[in-house]
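Everything below concerns the one structure shown next.
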Amino acid sequence: MRVNLRSNEHIKKIADLYDEVIRNDIEPNVATFNILMEMWIKEGDINKVSGLYQQMLDKGIRPNSVTFSIVIPAQVISGKTDQALELLQKMISMEESLEHKSRIFYKLFQNLKGDLALTKNFLQGIVDHKINIDHKIYNDLINAYVKKPDLNGAFEIYNAFINQGGMIDVITFTNMIKAIIQADKAEEAMQFYYEVKQTGIQLDTQAYTIMLDTFVKMRRTAEAQRIFVEMRRSKVKPNVITYTSLITGLGQAYNYDGVRNVHNLVRMDLNVELDIGIYNALMDAYNRCGHIHQVLLIWDLLIIGELPIDNSTVSIILDSCGYGRVIHRILNIWKYLHDKKFPLNLNNYHSYIEALARNQLFDEAKNVLMNELKNKGFKPEAKTIRSLLNFLHDVPKKSRCEYEIIEWVRNEYPDLAKEMKFTERKSSKKGGD
1 MRVNLRSNEH
11 IKKIADLYDE
21 VIRNDIEPNV
31 ATFNILMEMW
41 IKEGDINKVS
51 GLYQQMLDKG
61 IRPNSVTFSI
71 VIPAQVISGK
81 TDQALELLQK
91 MISMEESLEH
101 KSRIFYKLFQ
111 NLKGDLALTK
121 NFLQGIVDHK
131 INIDHKIYND
141 LINAYVKKPD
151 LNGAFEIYNA
161 FINQGGMIDV
171 ITFTNMIKAI
181 IQADKAEEAM
191 QFYYEVKQTG
201 IQLDTQAYTI
211 MLDTFVKMRR
221 TAEAQRIFVE
231 MRRSKVKPNV
241 ITYTSLITGL
251 GQAYNYDGVR
261 NVHNLVRMDL
271 NVELDIGIYN
281 ALMDAYNRCG
291 HIHQVLLIWD
301 LLIIGELPID
311 NSTVSIILDS
321 CGYGRVIHRI
331 LNIWKYLHDK
341 KFPLNLNNYH
351 SYIEALARNQ
361 LFDEAKNVLM
371 NELKNKGFKP
381 EAKTIRSLLN
391 FLHDVPKKSR
401 CEYEIIEWVR
411 NEYPDLAKEM
421 KFTERKSSKK
431 GGD
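In UniProt numbering, the protein residues as written are 1 to 433.
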């Protein structure tokens, strides 16, 4: 039973209930004492926890693992570490499943209230007394702290585990290093990687890929490349996700040589089954690096191949053609998509309208926005309208077109007009169309 304490009134009610139990000669059981002790340890009243535990023993009630998860932290907080360690050994000897023991251990450490000094002292006592705790419990405990998140606590437990000759499993390592990277501690993450590698842990493709991908998401491309080199040096084979993530990172870093080199590796790796995701990543990366011809080469291969394109492919090729100023390809690709009855989404329309506007094909862009988009049952997004208006704003002779779009939004989509602050009407500027 878990008690959610919100005020002193709740504490008083529970204490009164216990007094009533005693007055009515009702025998409390282990659950009764556990509820009361948990209440008082949360309130920080260690003396009451100790007193209740003694009452429990005096009544001949046998403690269970939940009892120990409360009393042991109380002993540690009171400075009675030796007594706490004795109780810990009793708790470990109980015949319970490892899953249950893992939960109890986490509860125990939580009751130390996140006090790092107390946690460290208690863990050192476990090491010094050579108390044998199952590897699964340590791994589960570390993972729970990482998830919390509490990296400092996780590392205290990790250090105690290693000092006892333990070795974390691949899942625990992966969760720990991912958390370190996400804390933007790239050098510490690499140092941790090398330390753990020396323990003999055998990392698999998934572990390396998660590391690499997390570095990429944190815009740490150099470290992602180092992990890729380590992966190949360890003779662990990359998969399509590994390659896709690395290509994405290299594209974000505008590293054309890196993108090209990985692309060549992908071509030569016969073990990898390529999917549309990796081609999308390649197209996007080449576009970021300013190599539109490479993007078009991939697109041309895709539309004659057997691998189906998706909406991301369409947006990437349209964006690329827009930035690359290849107007004829923009129009041809859009016609091809219509001829093939490709299920375009709103983001595809946004990319097409922006590509047209970027190349000053304003009449076509306006027509797609005001007619085709609506005929397909789509409501335009503010970002699409803003993008088109921004391009129009830079061409004074198109001020009339800009005004027409604003009026159209006001009339057709009042809520959108309000969102975009188009509700205040201003006199139109005179200009050419």
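Every residue gets a Cβ at the ideal spot worked out from N, C-alpha and C, and that includes glycine.
Between the C-alpha atoms of histidine 263 and asparagine 255 there is a straight-line separation of about 12 Å. According to the DSSP assignment, serine 69 belongs to the alpha helix (DSSP H) that extends over 65–77. Rounded to the nearest angstrom, the Cβ distance from proline 73 to asparagine 111 is 4 Å, consistent with a contact under 8 Å. Non-local C-beta neighbours of alanine 179 in its own chain, meaning closer than 7 Å and more than five positions away in sequence, comprise Val146, Pro149 and Leu151, ordered along the chain. When secondary structure is reduced to three states using DSSP, lysine 379 falls in the coil class, being assigned neither helix nor strand. In this structure, threonine 244 sits near glycine 277, with a CB-CB distance shorter than 8 Å. If the five residues before and after aspartate 169 are omitted, its C-beta is found closer than 6 Å to the C-beta atoms of Asn139, all from its own chain and listed in chain order. Counting only residues of its own chain and dropping the five nearest sequence neighbours on each side, asparagine 280 has a CB closer than 7 Å to the CB of Ser312, Thr313 and Ile316. Within the same chain, Asn34 come within 6 Å of threonine 67 by CB-CB distance, once the 5 residues on both sides are set aside.
By the neighbour-count criterion, in which 16 or more other beta carbons inside 10 Å mark a residue as buried, valine 229 falls on the exposed side. Between histidine 135 and arginine 325, the alpha-carbon positions lie close to 60 Å from each other.
In the three-state scheme derived from DSSP, where H, G and I count as helix and E and B as strand, phenylalanine 161 is classed as helix.
In the three-state scheme derived from DSSP, where H, G and I count as helix and E and B as strand, glycine 277 is classed as helix.
Rounded to whole angstroms, the separation of the alpha carbons of glutamine 198 and valine 266 is 30 Å. Listed in chain order, the non-local C-beta contacts of lysine 107 below 7 Å within the same chain comprise Ser69, local neighbours out to five positions each way being set aside.
The alpha carbon of threonine 214 has as its nearest neighbour, out of Met190, Lys235, Ile201 and Arg232, the alpha carbon of Met190. According to the DSSP assignment, alanine 355 belongs to the alpha helix (DSSP H) that extends over 346–358. The closest CA to that of glycine 125, considering only Asn29, Val30, Gln89 and Thr384, is found on Gln89. Distance between valine 409 and glutamate 372, taken at the CA atoms: about 15 Å. The beta carbon of asparagine 175 sits closer than 7 Å to the beta carbons of Asn143 and Val146 from its chain, once the five residues preceding and following it are set aside; these are given in chain order. Only residues of its own chain outside the window of five on either side were considered, and among them Phe109, Leu112, Gly153 and Glu156 have a CB closer than 7 Å to the CB of threonine 119, listed in chain order. Taking 8 Å as the cut-off, the beta carbon of alanine 285 is found closer than this to the beta carbon of isoleucine 247. Taking leucine 307 as the centre and dropping the five residues before and after it, the same chain places the C-beta of Leu274, Asp275, Ile276 and Tyr279 closer than 8 Å to its C-beta, in chain order. Within the segment 263–327, no run of beta strand (DSSP E) at least 3 residues long lies entirely inside it.
Residue range 170–182 is occupied by the alpha helix (DSSP H) that includes asparagine 175. Taking lysine 376 as reference, the option from Asp394, His338, Glu364 and Leu361 with the minimal CA-CA separation is His338. Annotation: the continuous alpha helix (DSSP H) that includes asparagine 411 extends over 399–412. Counted as a single uninterrupted DSSP element, the alpha helix (DSSP H) harbouring leucine 116 occupies residues 116–128. Closest in C-alpha terms to valine 30, from the list Asp16, Asn47 and Ser65, comes Ser65. DSSP places proline 149 outside both helix and strand once states are collapsed to three, so it counts as coil.
Around the beta-carbon of histidine 350, 16 or more other beta-carbon atoms lie within 10 Å, marking it buried. Less than 8 Å separates the beta-carbon of leucine 346 from that of phenylalanine 378. The Cβ-Cβ distance between valine 71 and leucine 87 falls below 8 Å. Look at glutamate 156 here: in three-state DSSP terms it is helix.
Within a 10 Å sphere around the beta-carbon of methionine 94 sit fewer than 16 other beta-carbons, which makes this residue exposed.
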